[in-house]
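Residue 1509 in this note's numbering sits at position 72 of the sequence shown; the count goes up by one each step and never skips.
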Amino acid sequence: ADVVVMNTLSVNLQLLLASFYRPQDARNAILVERGAFPSDRHVVVSHLAWHGLDESALIEVTPDAHGHFSSEAFAAVFARHGARIALALLPGVQYRNGQVFDIAGLTDLAHRHGAIAGFDLAHAVGNIPLALHDCGVDFAAWCSYKYLNGGPGAPGGVFVHPRHAQRPRLAGWWGHAQATRFQMAAEFVPEPGARGWQLSNPPILAMAPLHASLAPFASIGMPALRARALRLTGYLDELLRTHAANSIEILTPGDESRRGCQLSLRVRAGREAGRVLFVHLVAQGVLGDWREPDVIRLAPVPLYNRHTDCLRAVRAIVDWARHK
């Protein structure tokens, strides 16, 4: 009952912040990381405005010189602003640089300073093992069209810790207790757990491919997938550092415990050269993606990629560098 499939990611974040962001006097700020995914920032800023606040109530944690976010940086921000922070909304995996965040540590840090801890797990679910209940996370939301392979527009997911079962929420009839839902009573009696945050009946046709795509995760298990992902991404990392270090900078942490499948790359010659490389990779059948202003993301996925795919990607990069 801690998890439910419903809506899409930004919709779910709006609903969850409606429940969990309750500014009180001086404790009215929301904490995010600098360079957060734009939709998350839009959601946060819209809730600040909804409560009559402006972006002075938005606190951003700054990355280090390598673009990474350290535990010390978060601790320093909470030490300085902890009495102001009502809620922290952070990623499980940072979308641009691929860094895995310490969900347990950040949750504990937020709670010790009296703040709610929420997470956007868009790039974490299906990528790294998660233990949201055990970590004490208050809420989380994710999409299912990345590592979960549910397809564009597939329904997202929500986690709400059981201790928040009675928290006020924006309610709808599908969140009413199933046993009495069709009695059409005036009083709202929520379904237990996260299911009580549902508003309307789910899109069955969109859920069908998601149901199918989840089957391999259930049969293989995240520990086995994570072990293979470490080998694949480690191999890609080694190849890049050995054969393409002169032309490519890896932005993702080198410590395998601080990254998932993704490696974020920047071409040392600059943005325009990066765009040329990206087009070259696509033409060679290497399908990563481009994130402005200058990042190429490659993610060998354990369900369907092999070591030979990593080798082919690096050969394409080396070929481009040789002939550029």
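By construction, the Cβ of each residue, glycine as well, lies at the ideal position given by its N, Cα and C atoms. Remember, it's a predicted structure, so these values are computed and weren't measured experimentally.
Rounded separation between residue i and residue j - CA only
| i | j | result |
| --- | --- | --- |
| Pro1646 | Gly1587 | 6 Å |
| Arg1606 | Arg1678 | 49 Å |
| Ala1706 | Trp1727 | 16 Å |
| Val1431 | Arg1521 | Past the edges of the chain, shown from 1438 to 1761, lies residue 1431, and the structure says nothing about it. |
| Val1574 | Val1755 | 43 Å |
| Leu1669 | Pro1737 | 6 Å |
| Ala1473 | Trp1634 | 25 Å |
| Ala1513 | Ala1541 | 17 Å |
| Val1732 | Thr1544 | 29 Å |
| His1680 | Val1751 | 8 Å |
| Val1469 | Lys1761 | 39 Å |
| Ala1643 | Ser1650 | 12 Å |
| Val1597 | Leu1450 | 12 Å |
| Ala1578 | Arg1759 | 43 Å |
| Leu1673 | Leu1735 | 9 Å |
| Ala1523 | Ser1684 | 43 Å |
| Leu1453 | Gln1721 | 42 Å |
Distance CB(residue i)-CB(residue j) smaller than 8 Å
| i | j | result |
| --- | --- | --- |
| Gln1535 | Ser1701 | Sequence inspection shows Gly at residue 1535; the Gln mentioned does not correspond to that position. Contact flag set, yes. |
| Cys1580 | Ala1559 | yes |
| Pro1730 | Met1659 | no |
| Gly1593 | Leu1446 | yes |
| Val1595 | Val1440 | yes |
| Gly1697 | Asn1564 | yes |
| Val1442 | Pro1639 | yes |
| Glu1686 | Gly1671 | no |
| Val1482 | Arg1695 | no |
| Asp1501 | Ser1507 | yes |
| Ala1486 | Ile1467 | no |
Exposed unless 16 or more other CB atoms sit within 10 angstroms - verdict on residue i
| i | result |
| --- | --- |
| Trp1757 | buried |
| Phe1457 | buried |
| Leu1724 | exposed |
| Asp1491 | exposed |
| His1601 | buried |
| His1648 | exposed |
| Asp1571 | exposed |
| Arg1632 | buried |
Beta-bridge partners of residue i, as assigned by DSSP
| i | result |
| --- | --- |
| Ala1696 | This sequence places Arg at residue 1696; Ala is not what is there. Arg1696 pairs with Gln1536. |
| Met1443 | Gly1593 |
| Glu1686 | Arg1703 |
| Leu1495 | Ile1467 |
| Gln1461 | Arg1464 |
Cutoff 8 Å: residue i Cβ touching any chain D Cβ
| i | result |
| --- | --- |
| Pro1605 | In the displayed structure, chain D is absent; only one protein chain is listed. |
Subject >> In chain order, each alpha helix (DSSP H) run of at least 4 residues that lies wholly inside the stretch 1699-1734 >> reply: If only complete runs of 4 or more residues are kept, the stretch 1699-1734 shows the alpha helix (DSSP H) at 1708-1720, in order along the chain.
Original post:
Fully enclosed by the stretch 1511-1557, which alpha helix (DSSP H) runs are 4 residues long or longer?
Top reply: Those alpha helix (DSSP H) runs which fall completely within the stretch 1511-1557 and span 4+ residues are 1540-1549.
**OP:** Write down every uninterrupted run of the beta strand (DSSP E) in the stretch 1565-1640 whose length is 3 residues or greater and which is fully enclosed by it, in chain order.
**Re:** Those beta strand (DSSP E) runs which fall completely within the stretch 1565-1640 and span 3+ residues are 1576-1579, 1593-1597.
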